[in-house]
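The sequence shown begins at 1 in UniProt numbering and counts up one residue at a time. C-beta: ideal position from N, C-alpha, C; glycine also.
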Amino acid sequence: MPAREASRAVQGALPVILHALSQQGGTATGAGELLKLSEGFARVATPEGQLQPALLESPAELGGMEVRGISVLNQLFDNPAEVSGRLGTALGFSGEQAGRLVALLTPIVLGLLGQRARATRTDAAGLSSVLQGLSGQLVGLIPEGMGTIKSILNLPLYTGKKVVAAAPVAAPAAPVAASTPPVREREQERVLTAAPPAERSGCNPLWLIPLLLLALGGWWLMNNQKTETAPAQTQTQTETQTETAPVPAGSIVVEQPAADAVTTTPFTLSGTGPANSEILITEGTTEVARAASDASGRWSTEVSPADGAHTYTLTSGEATTDYSFTVGAADTAAAGTETAPATSVFAITEPVAGAELPAGGFTLSGTGPAGESVQLFEDGTSLGNIVVPEGGQWTFTVPSPAEGAHTYVLKDAEGAELATVATTTQAAAEGAAASCDQDYTLSMADGQTVNEPFRFGGVGRGEGYSVTVKRGDRVIGTKEIPLDASCGWSYQSTPGAGPISYEVRPMEDASAAPLSTVTLTVQ
Numbered sequence: 001m002p003a004r005e006a007s008r009a010v011q012g013a014l015p016v017i018l019h020a021l022s023q024q025g026g027t028a029t030g031a032g033e034l035l036k037l038s039e040g041f042a043r044v045a046t047p048e049g050q051l052q053p054a055l056l057e058s059p060a061e062l063g064g065m066e067v068r069g070i071s072v073l074n075q076l077f078d079n080p081a082e083v084s085g086r087l088g089t090a091l092g093f094s095g096e097q098a099g100r101l102v103a104l105l106t107p108i109v110l111g112l113l114g115q116r117a118r119a120t121r122t123d124a125a126g127l128s129s130v131l132q133g134l135s136g137q138l139v140g141l142i143p144e145g146m147g148t149i150k151s152i153l154n155l156p157l158y159t160g161k162k163v164v165a166a167a168p169v170a171a172p173a174a175p176v177a178a179s180t181p182p183v184r185e186r187e188q189e190r191v192l193t194a195a196p197p198a199e200r201s202g203c204n205p206l207w208l209i210p211l212l213l214l215a216l217g218g219w220w221l222m223n224n225q226k227t228e229t230a231p232a233q234t235q236t237q238t239e240t241q242t243e244t245a246p247v248p249a250g251s252i253v254v255e256q257p258a259a260d261a262v263t264t265t266p267f268t269l270s271g272t273g274p275a276n277s278e279i280l281i282t283e284g285t286t287e288v289a290r291a292a293s294d295a296s297g298r299w300s301t302e303v304s305p306a307d308g309a310h311t312y313t314l315t316s317g318e319a320t321t322d323y324s325f326t327v328g329a330a331d332t333a334a335a336g337t338e339t340a341p342a343t344s345v346f347a348i349t350e351p352v353a354g355a356e357l358p359a360g361g362f363t364l365s366g367t368g369p370a371g372e373s374v375q376l377f378e379d380g381t382s383l384g385n386i387v388v389p390e391g392g393q394w395t396f397t398v399p400s401p402a403e404g405a406h407t408y409v410l411k412d413a414e415g416a417e418l419a420t421v422a423t424t425t426q427a428a429a430e431g432a433a434a435s436c437d438q439d440y441t442l443s444m445a446d447g448q449t450v451n452e453p454f455r456f457g458g459v460g461r462g463e464g465y466s467v468t469v470k471r472g473d474r475v476i477g478t479k480e481i482p483l484d485a486s487c488g489w490s491y492q493s494t495p496g497a498g499p500i501s502y503e504v505r506p507m508e509d510a511s512a513a514p515l516s517t518v519t520l521t522v523q
């Protein structure tokens, strides 16, 4: 990722993070909790509230910060996955990439904000007053061409339904593996007590912006896995570069079908590229198709190549990329050949890229090498493992996604992306389901190893389901989940590393035997 694009990504993510902080810190009580939470990240800044340069030069430091930031997102955002998906669409990233960016920047913002507040002796009431005044300024921080971020700033990112616990002070390069689960797993509710506005102090969060733009150097390094990088620039150097550097042409990415996939014709080719531009698709010197990207850079077009191997060149201005794939013969089986369909690579075939799906669960399907196991992610949230059956055709039932844009990614055990598809889930009908009589289902099987956060669910009958969370024989939390208008239910969890069990019972009968007991290993 070019540094200029990384800078714009940071600029686009900052208003969203500040919006969440302003919502939680809108009262003295909430601001006090933010100050307490920031203590766990105080080392990102000097006692005077300036960013520590060494932090930006160490991939290990930044990697540890990102891992710790994941837990913070689940304390500051009611629905981190939805925010990541929407932000990813606005930035032209996948939801997972946007989630990683926010996970890295949020603890840095908190650490800087807390240190500056302490350096200027700004108390909770003073910080609350400052954060209350942010709402009218955030729209002006959105970079040109990312206007869809405004819709995120209209969302209630934090409604006060999660308990905020101070981040543990641990070595930043290692993830926090807690034997005791965080307080948030109990799903308790609290009411913020309103406090009268206090006079503004010298702690204005907008000074964070030039400092945080420096963080893009480390983030860029971490995402591209470079072994060498130049030192972080000073604020003056960054501002000079912004004024003089030419506007880059951007990049073109084919998201669907996966590169080197075997597909049938016709099919939809889709991905991302420079916003509001025309993308020319050629094979050799022959024009195949043209596609127009929207304001967020997303594009799609249908192509009908002949059977065989193909390499397309996609061009828009100075941006160009090559994409290779193979079209399988439709009559191979009819011809009596004994050769099995090629499934040496993973692909997501349904739904197609850019599909608008009705509210409720849906079936994701694709191809892959028989016997291989992969993990499916929705905007960075694990949905569980898929083992490809004999024949290479796999399916997975995704339980009721939240309304909005989502990106689904298959990853191998090392975390490498194998296939991806972006979709949009439409709004559900108002209220809960009036009458549900579907057979109970659960999307995640027992005995899996997953990343956190993870999400499981299904469909069912009655009022809904009660999920009891246990470590060994010890109950650490219970949450009731009413069925939605599509008779679906969904539970998201971030319990910390190690084995964890979930018992699912009918919500109306807490003493009933569990319908399912799922024990997972969280890594």
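Legend entry - Rounded straight-line distance, which links the Cα of A428 to that of L357: Locating residue 357 in the sequence shown gives position 357, where the first residue counts as 1. Locating residue 428 in the sequence shown gives position 428, where the first residue counts as 1. Looking at the two C-alpha atoms, the distance is approximately 11 Å.
Legend entry - Among E417, S382, P401, the one whose alpha carbon lies nearest that of V424: Within the sequence shown, residue 424 is the residue found at index 424, counting from 1. Inspection of the sequence shows that residue 424 is occupied by Thr rather than by Val. Checking every option, the nearest Cα to that of T424 belongs to P401.
Inset, instruction - Tell me, please, whether the CB atom of P351 is closer than 7 Å to any CB atom in chain B? - result: Here there is only one protein chain, and chain B is not present.
Legend entry - Spatial distance of G85 from T381 (CA atoms): Mapped onto the sequence shown, residue 85 falls at position 85. Mapped onto the sequence shown, residue 381 falls at position 381. Approximately 11 Å, taken between the alpha carbons.
Inset, instruction - Please classify A347: does DSSP put it in a helix, a strand, or coil? - result: Position 347 of the sequence shown, counting from 1, holds the residue named residue 347. Three-state result, A347: strand.
Inset, instruction - Could you tell me whether the Cβ atoms of Y312 and E283 are closer together than 7 Å? - result: What you label residue 312 is simply residue 312 of the sequence shown in a count that begins at 1. What you label residue 283 is simply residue 283 of the sequence shown in a count that begins at 1. Yes, they are a contact pair.
Inset, instruction - Tell me whether P482 is buried or exposed, calling it buried when 16 or more other Cβ atoms sit within 10 Å of its Cβ. - result: Translated into the one-based positions of the sequence shown, residue 482 becomes position 482. That one is exposed.
Legend entry - For S466, the three-state DSSP class (helix, strand or coil): Position 466 of the sequence shown, counted from the start, is the residue given in the question as residue 466. Correct three-state label for S466: strand.
Inset, instruction - Taking only heavy atoms of the ligand NAP into account, decide whether any of them is closer than 6 Å to the Cβ of G271. - result: As presented, the structure is devoid of all ligands, the ligand NAP included, so that no description of it is given.
Legend entry - For S490, the residue or residues it bridges with in DSSP: For this step, residue 490 is matched to residue 490 along the sequence shown. G457, per the DSSP bridge assignment.
Inset, instruction - With a 10 Å radius around its C-beta and 16 neighbouring C-beta atoms as the bar for buried, classify S373 as buried or exposed. - result: Here residue 373 corresponds to residue number 373 of the sequence shown, with the count starting at 1. S373 comes out exposed.
Legend entry - Pairwise C-alpha distance: W489 and P506: Position 506 of the sequence shown, counting from 1, holds the residue named residue 506. Position 489 of the sequence shown, counting from 1, holds the residue named residue 489. Distance between the alpha carbons of P506 and W489 is about 12 Å.
Legend entry - Under 7 Å between C-beta atoms of Q132 and G26: Taking the sequence shown and counting its residues from 1, one reaches residue 132 at position 132. Taking the sequence shown and counting its residues from 1, one reaches residue 26 at position 26. Contact annotation: Q132 and G26 have beta-carbon atoms nearer than 7 Å.
Legend entry - Closest by C-alpha distance to A497, when choosing among D307, E452, L364, N385: Residue numbering aside, residue 497 sits at position 497 when the sequence shown is read from its first letter. Measuring from the Cα of A497, the nearest candidate turns out to be E452.
Legend entry - D484, buried or exposed, once every other Cβ within 10 Å from all chains shown has been counted against 16: Reading the sequence shown from its first residue, position 484 is the one you call residue 484. Answer is buried; the Cβ neighbour count reaches 16.
Inset, instruction - Please state whether DSSP places V475 in a helix, a strand or coil. - result: As a working mapping, residue 475 is identified with position 475 in the sequence shown. Correct three-state label for V475: strand.
Inset, instruction - Determine the burial state of R118: buried for a count of at least 16 other Cβ atoms within 10 Å of its Cβ, exposed for fewer. - result: The sequence position of residue 118 within the sequence shown is 118, counting from 1. By the neighbour-count rule (16 or more Cβ atoms within 10 Å), R118 is buried.
Inset, instruction - Check whether the Cβ atoms of Y502 and V469 sit closer than 7 Å, and answer yes or no. - result: Locating residue 502 in the sequence shown gives position 502, counting from the first residue. Locating residue 469 in the sequence shown gives position 469, counting from the first residue. Yes, the Cβ-Cβ distance between Y502 and V469 is below 7 Å.
Inset, instruction - Can you give me the Cβ contacts of S511 inside the same chain, cut-off strictly under 6 Å, excluding the 5 residues immediately before and after it? - result: Counted from its first residue, the sequence shown places residue 511 at position 511. Answer for S511: no residue qualifies.
Legend entry - L110, DSSP secondary structure in three states: Working through the sequence shown from its first residue, we reach residue 110 at position 110. Three-state result, L110: helix.
Inset, instruction - Give every residue of the same chain whose Cβ lies closer than 6 Å to the Cβ of V421, excluding the five residues on either side of it in the sequence, and list them in chain order. - result: Taking the first residue of the sequence shown as 1, we reach residue 421 at position 421. The answer, listed in chain order, is Q256, I348, A353, Y408.
Legend entry - Continuous alpha helix (DSSP H) stretch holding V83: start and end: Position 83 of the sequence shown, counted from the first residue, corresponds to residue 83. Counting along the chain, the alpha helix (DSSP H) containing V83 begins and ends at 80 to 91.
Legend entry - When N385, T517, L18 are compared against L364, the one with the closest alpha-carbon: Start at 1 with the first residue of the sequence shown, and residue 364 comes out as number 364. Checking every option, the nearest Cα to that of L364 belongs to N385.
Inset, instruction - Give the DSSP-derived three-state secondary structure of Q256 in the structure shown. - result: Your numbering for residue 256 matches position 256 in the sequence shown. Correct three-state label for Q256: strand.
Inset, instruction - Grab the span of the alpha helix (DSSP H) containing Q132 for me, first residue to last. - result: For the purposes of this step, residue 132 is identified with residue 132 of the sequence shown, where counting begins at 1. Looking at the DSSP string, the run of the alpha helix (DSSP H) that includes Q132 is 124 to 132.
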